[in-house]
Ligand code: SF4
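Numbering (my numbering), first residue to last: -14 to 285.
Next comes the structure, spelled out in structure tokens:
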């Protein structure tokens, strides 16, 4: 069975303005330690892994307590830019969480993309501080990072990190920055390269998927199967890239929201790999998110 992830955006605070940000952070909203306790109580029967994200989760003063609580029953991941990590955080979370760092290029490429001078240095400092912790570097495949893939793999090896290349999903702030989307030719080339790297190296993984004829009959093998997301305002959604709101934890329990959501056509279809809804004539065969998934949910 594949692991089921609950991604919780614990805060809307973030100092960066990344060009691909799915949630257009920073924005208002923050979940309390009490909220997280209630969520975890209900999450037990639905999920295996908890991702604490933001915004920038290290800006939330309750983060280490949340990790302590969540790690008693779940595998815990923290997604971070590296901004705001301090030595006392490490002492409290090591052996309890896997760190997932966002990297969008080397040096100034990363800074410019994140809209924050010094962002790359913050990240390197955080990688140095967390040498002893399990970690992953996550790279979103925007046009300008493709030529830096080899350098990024080298950097990941230096810090003993797995490097995970994800397709860019055209939601959130991407709509204001259309020039960052790679074209189909670039995606075809990077897809072939990543597949080779994945087969021949021990530390490269990728979620980039190209829709095939087999997906039509069997469904797509999705990384988001079993996944849900909670925003800083408490909205429960199918994933962080999807704007459909399934309920709010401030008015209903997470258990009730998920039980109801599991009966909706959109979630049932997603859990079935969109079998019967996959078309092979997609304008962009790498984008099943907005060209298949969003359409299915909009029809429910
Ligand atoms: S396919 Fe849908 S549910 Fe899955 S990651 Fe894409 S937008 Fe989210």
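Cβ coordinates follow ideal geometry from the N, Cα and C atoms, glycine included.
Identity of the residues DSSP links to residue i by a beta bridge
i           : result
residue 65  : 86
residue 247 : According to DSSP, residue 247 bridges with nothing at all.
residue 268 : None; residue 268 has no bridge partner.
residue 149 : 123, 190
residue 208 : Note: residue 208 sits in no beta bridge, so no partner.
residue 232 : 221
residue 213 : -9
Three-state secondary structure assigned by DSSP to residue i
i           : result
residue -6  : strand
residue 5   : coil
residue 261 : coil
residue 56  : coil
residue 237 : coil
residue 17  : coil
residue 254 : helix
residue 37  : strand
residue 167 : coil
residue 118 : coil
residue 144 : coil
Contact set for residue i: own chain, Cβ-Cβ below 7 Å, skip 5 residues either direction
i           : result
residue 257 : 204
residue 84  : 63, 65, 115, 118, 120
residue 5   : 125, 127, 153, 158, 159, 165
Beta-carbon proximity of residue i to residue j, cut-off 8 Å
i           : j           : result
residue 157 : residue 9   : yes
residue 92  : residue 101 : no
residue 67  : residue 133 : no
residue 61  : residue 76  : no
residue 212 : residue -10 : yes
residue 154 : residue 1   : no
residue -8  : residue 214 : yes
residue 126 : residue 87  : no
residue 263 : residue 196 : yes
residue 209 : residue 99  : no
residue 233 : residue 244 : no
residue 227 : residue 282 : yes
residue 269 : residue 169 : yes
Proximal residues to residue i (C-beta, below 8 Å), its chain only, five neighbours per side dropped
i           : result
residue 190 : 147, 148, 149, 150, 183
residue 56  : 81, 82
residue 253 : 247
residue -5  : 15, 16, 21, 37, 38, 39, 40, 42, 45, 47, 48, 51, 217
Contacts around residue i, its chain only, beta-carbon distance under 6 Å, and the 5 residues preceding and following it disregarded
i           : result
residue 240 : 27
residue 14  : -3, 217, 218
Heavy atom of the ligand SF4 within 7 Å of residue i beta-carbon
i           : result
residue 150 : no
residue 270 : no
residue 334 : One cannot answer for residue 334 here, as it falls past the ends of the chain, which runs -14 to 285.
residue 31  : no
residue 255 : yes
residue 68  : no
residue 224 : yes
residue 98  : no
residue 278 : yes
residue 7   : no
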